[in-house]
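**Q**
In this note's numbering, the protein residues as written are 2 to 347.
Encoded structure:
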């Protein structure tokens, strides 16, 4: 999509780096966390397939119970109150709010006619709620996302507006995109964090994070498992980084006794992989309740990635370079994307 990292993202990063002291006065457990994700295949020098995504996530401070967050709707609060094991007192809880957009295109965006053998044009505009429950070494995330697929997702307008501003060829085939459809995606994900080695004299360390989860819904139905290895100086005692993915759990802040102001600065490299079985992907299988363009998807998908993360005080900046194997039969090869994440605890 856009070949340049957006100016507003650079501005936000510059502001946070210049004014970290704004976040220093709070008790560690009172930190709220804000994430901005930007993913684009420009980092792989392409403009196709999963071509762009943005997501903003806000996470509450640490809570003894989910019900301690008064912003929860009464109906949801009542359901949480009556659900066994949800508010276990020994665990720490966080509530998260999610807002995002995904954009998908075929390889040839200059063709106006339907390209039958290539993936459909599609967009997804969504909002969601995430419930995190964690101990020092385990994180459970339940995530519910609701949105709209089709022209109302504003994917065409978002992509072509940016292309016009940057003087890039516009995508001409959006008349062939998937039709209007409400999208629902419910996910559960568990992460386990292991810390095999740490040198207190140099602050060098390494850890290992595994995960497994399931996703249900007309947007996506799948199961996944994977891991991430990190090595560096003053690795944050969090649950790692991730690309935008259902129930990834990336958005849970640190525990109260491992607050951002303990981290000072740190730098670490990481590598990870994930195996996923996909039973349904609306962006490949097409609309659920009416005829639409679709392609024959590949059910088994492998992600492999490497990256670098820098944390200073309450700020963490992460770049991940990810290779994803073919997602549909006529896809000529796998796809490379870059994922840039800015995290700020305040």
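Glycine included, each C-beta is placed from N, C-alpha and C at the ideal position. Small disclaimer: the values here were computed from a predicted structure and weren't measured.
Quick one: residues in its chain with C-beta nearer than 7 Å to the C-beta of residue 289, no 5 flanking neighbours on either side, listed in chain order?
**A** Correct list, in chain order: 182, 219 and 283.
**Q** At the level of alpha carbons, what is the spacing between residue 175 and residue 158?
**A** If I take the Cα positions, the gap works out to 10 Å.
**Q** Going by other Cβ atoms of all chains shown within 10 Å of its Cβ, with 16 needed for buried, is residue 199 buried or exposed?
**A** Exposed: under 16 other Cβ atoms inside 10 Å.
**Q** What's the call for residue 312, buried or exposed, on a 16-neighbour Cβ count within 10 Å?
**A** With 16 or more other Cβ atoms within 10 Å, it is buried.
**Q** By how many angstroms is the C-alpha of residue 60 removed from the C-alpha of residue 99?
**A** One C-alpha to the other measures close to 9 Å.
**Q** Span of the alpha helix (DSSP H) holding residue 285?
**A** Start and end: 283-286.
**Q** Within the same chain, show all residues whose beta-carbon is closer than 7 Å to that of residue 204, passing over the 5 residues directly before and after it, in chain order.
**A** Closer than 7 Å at the Cβ level, and outside the excluded window around residue 204, lie 234 and 235.
**Q** Between residue 132 and residue 64, what straight-line distance do the alpha-carbon atoms span, to the nearest angstrom?
**A** Roughly 11 Å separates the two Cα atoms.
**Q** Report the partner residues of residue 300 according to the DSSP bridge assignment.
**A** Per DSSP, none; premise fails for residue 300.
**Q** Take the Cβ of residue 110 as the centre, count every other Cβ of all protein chains shown within 10 Å, and call the residue buried at 16 or more, exposed below.
**A** So residue 110 counts as buried.
**Q** I'd like the span of the alpha helix (DSSP H) that includes residue 53, first residue to last.
**A** Premise fails: residue 53 lies in the beta strand (DSSP E), 50-60, not in any alpha helix (DSSP H).
**Q** Please report the distance separating the alpha-carbon of residue 25 from that of residue 80.
**A** Annotation note: pLDDT 47 at residue 25 (below 50); position unreliable, no value reported.
**Q** Measuring straight from C-alpha to C-alpha, what distance separates residue 342 and residue 240?
**A** Between residue 342 and residue 240, the C-alpha separation is close to 14 Å.
**Q** Mind checking which residues open and close the alpha helix (DSSP H) that includes residue 163?
**A** Looking at the DSSP string, the run of the alpha helix (DSSP H) that includes residue 163 is 156-166.
**Q** Residue 231: beta carbon under 7 Å from a heavy atom of the ligand GTP?
**A** Inclusion of the ligand GTP in the displayed structure is not the case, the ligand content being empty and no account of it being possible.
**Q** What three-state label does DSSP hand residue 256 in the structure shown?
**A** For residue 256, the pLDDT reaches just 49, beneath the cut-off of 50, and the residue's location in the model is therefore unreliable, although a value from the coordinates is still provided. Three-state result, residue 256: coil.
**Q** Identify, in the order they occur along the chain, each residue of the same chain with its Cβ nearer than 7 Å to the Cβ of residue 287, setting aside the five sequence neighbours on each side.
**A** Closer than 7 Å at the Cβ level, and outside the excluded window around residue 287, lie 121, 179, 293, 294 and 295.
**Q** Go through its chain and collect everything with a Cβ distance to residue 231's Cβ below 6 Å, but skip five positions before and after it.
**A** Excluding residues within five positions, the ones whose Cβ falls inside 6 Å are 208, 269 and 271.
**Q** With distances taken from CA atoms, which of 337, 106, 217 and 335 is nearest residue 151?
**A** The residue with the shortest Cα to Cα distance from residue 151 is 106.
**Q** State the Cα-Cα distance for the pair residue 334 and residue 130, rounded to the nearest angstrom.
**A** Approximately 35 Å between the Cα atoms of the pair.
**Q** If you follow the beta strand (DSSP E) that residue 179 is in, where does it begin and where does it stop?
**A** Note, residue 179: premise wrong, no beta strand (DSSP E); not H, not E.
**Q** Report yes if the C-beta distance between residue 32 and residue 346 is below 8 Å; otherwise report no.
**A** Cβ atoms of residue 32 and residue 346: closer than 8 Å.
**Q** Roughly how many angstroms lie between the CA atoms of residue 136 and residue 124, to the nearest whole one?
**A** Approximately 36 Å, taken between the alpha carbons.
**Q** Using CA coordinates, which residue listed in 114, 139, 275 and 223 is at the minimum distance from residue 195?
**A** Cα-wise, what sits closest to residue 195 is 139.
**Q** Considering only C-alpha positions, which residue in the set 328, 344 and 339 is nearest to residue 118?
**A** The shortest C-alpha separation from residue 118 is found at 328.
**Q** Which residues does DSSP pair with residue 225 in a beta bridge?
**A** Paired residues: 214 and 277.
**Q** My assumption, with CB atoms under 8 Å, is that residue 280 sits in contact with residue 222. Please give the rounded CB distance.
**A** So it is a contact: roughly 4 Å between Cβ atoms.
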